[in-house]
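One structure is given here, and the rest of the page talks about it.
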Amino acid sequence: MNTNVWKVDKYVDNLENNPQVVDAANFLRKNEVVALPTETVYGLGGNAENDEAVAKIFAAKGRPGDNPLIIHIADRSQLSRFVTEVPETAAKLIDAFWPGPLTIIFKKKEGVLSEKATANLDTVAVRMPDHPVALALLKSCGLPIAAPSANSSGKPSPTKAEHVLDDLNGKIAGVLDGGVTGVGVESTVIDCTAGIPVILRPGGVTKEQLEAVVGEVEEDAALKDQSARPKAPGMKYQHYAPNAPLYMVAGPKEFLQKLVTEKQAEGLRVGVLTTEENRGFYEAELVLSCGRRTELDTVAAALYDTLRSFNQGQVDIIFSEIFPNEGVGHAIMNRLEKAAGHRLITE
Ligand code: TXA
Ligand code: MG
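Position one of the sequence shown corresponds to residue 657 (our numbering), numbered consecutively onward.
What follows is the structure, given as structure tokens:
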């Protein structure tokens, strides 16, 4: 299949009628799948009401069928078509954070969305992305769009159109290239279907920000306890892994360098995932910085691109610094733990 690349300047006016956006929207209406930029990561979009379109999303990504998709909308009024009710907590969160990196789980109205999109669950995950190109595309096609991250299953999520093409070229109808995404980690997923809201996946909106709006918020037990079964089906899968094994290292940089030197003595080529503050310190085959430790937003924005960059170099093993597990650091550590398969070396 020929994969179209539609370059779009996200700052121009009247994006909804931009020829590139209209072209992509036409493919969506024909139940083809196209990748689109959002403020978090690129998504792979398809008509959420059509089984054929949704099947194409799963096939292109190689995604397990038991992992439901997030439905993207451009207007709050679209909710009533496929959601039974909007609880008060959800309404407050919508007012505060939509459009934005917050996905809310609702009870699903039967018979509207493709059952494949929701993996036969009686709930549905919905978000309104805060990206002019995504919103223009959603408005232009007028459909609710199911969109997981536009990577091959298991790979780091794409933050640039090039990442999408690296994984999915020839497998999808096209990609709307709106440049680099902003937040860099995916949306926070929160379940508002019963009582106290529960965070199922940490992401772009922090627990502190949520609590400021709705009071107490819980976290799915599986986020702390690896043996617990996650409430978001996708959270049980290994994810974000570069080609070489990644180990998180807790301790001073001298300790990390000692590990590097030991592996080099065994004949291995070693990669280091570090930050601007420390990049000059390490001596290894490939030292990559993913942002500034003092501004964790920069780390969130560059983490996946950096993980992918290790695949371009020739390394046998990667050691990574770790980050404070609070604010956006919580989402960063959640993704890093998955990328490392939870392997942590402590001094
Ligand atoms: O930022 C994002 O959320 C990006 C952009 C493209 O919008 N999308 C994204 O989608 O990260 P995906 O498919 O990679 O992750 C969706 C997560 C999965 O962990 C999935 O299991 C969970 O949301 N999920 C979807 N529907 C659910 C439901 N009804 N109940 C619980 N978890 C659900
Ligand atoms: Mg994903």
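Glycine residues also receive a C-beta, built at the ideal position from the N, C-alpha and C atoms.
(request) Check each candidate in A781, L725, H986 and V661 and name the one with the smallest Cα separation from T740. (result) A781
(request) Take A691 and list the residues in its own chain whose beta-carbon comes closer than 8 Å to its own, dropping the five residues that flank it on each side. (result) Y698, G699, L700, G701, A806, P814, A817, V820, L824, I828, G830, V831 and L832
(message) Could you check whether the segment 740-750 touches the segment 714-726, counting it as contact only if at least three pairs of C-beta atoms, one from each stretch, sit closer than 8 Å?
(response) no
(request) Could you tell me whether the segment 971-988 touches the segment 914-933, using the rule of 3 or more Cβ pairs below 8 Å? (result) yes
(message) Among H986, K887, L963 and D751, whose alpha-carbon lies nearest the alpha-carbon of F975?
(response) L963
(message) Counting C-beta neighbours from all protein chains within 10 Å, is the total for G859 16 or more, i.e. buried, or is it exposed?
(response) buried
(request) Quick one: using the 10 Å Cβ neighbour count with 16 as the cut-off for buried, is Y667 buried or exposed? (result) exposed
(message) Just verifying my parser: in three-state terms, what is the DSSP assignment at M891?
(response) helix
(message) Could you pull the DSSP bridge partners for R685 from this structure?
(response) For R685, which the question treats as bridged, DSSP gives no partner whatsoever.
(request) Determine, using beta carbons only, whether A906 and L758 come nearer to each other than 8 Å. (result) no
(message) With the cut-off set at 8 Å, would you say H986 and T849 are in Cβ contact?
(response) no
(request) Consult DSSP for M989 and reduce its assignment to one of helix, strand or coil. (result) helix
(message) If the criterion is Cβ atoms closer than 8 Å, does the pair N687 and N658 meet it?
(response) no
(message) Assuming contact is defined by CB atoms lying nearer than 8 Å, are A957 and V854 in contact in what I supplied?
(response) no
(message) Are the CB atoms of R935 and L959 within a distance shorter than 8 Å?
(response) no
(request) Can you grab the Cα-Cα spacing for the pair K892 / E842, in whole Å? (result) 16 Å
(message) Taking the alpha helix (DSSP H) that Y960 belongs to, which residues open and close that run?
(response) L952 to S965
(message) Is any non-hydrogen atom of the ligand SAM found closer than 7 Å to the C-beta of E842, if you look at the structure I gave you?
(response) Among the ligands in the structure shown, the ligand SAM does not appear; only the ligand TXA and the ligand MG can be found there.
(request) May I ask you to check if the CB of S805 is nearer than 7 Å to at least one heavy atom of the ligand TXA? (result) yes
(request) Kindly confirm or deny that the segment 755-770 and the segment 731-739 touch, where touching means at least three C-beta pairs closer than 8 Å. (result) yes
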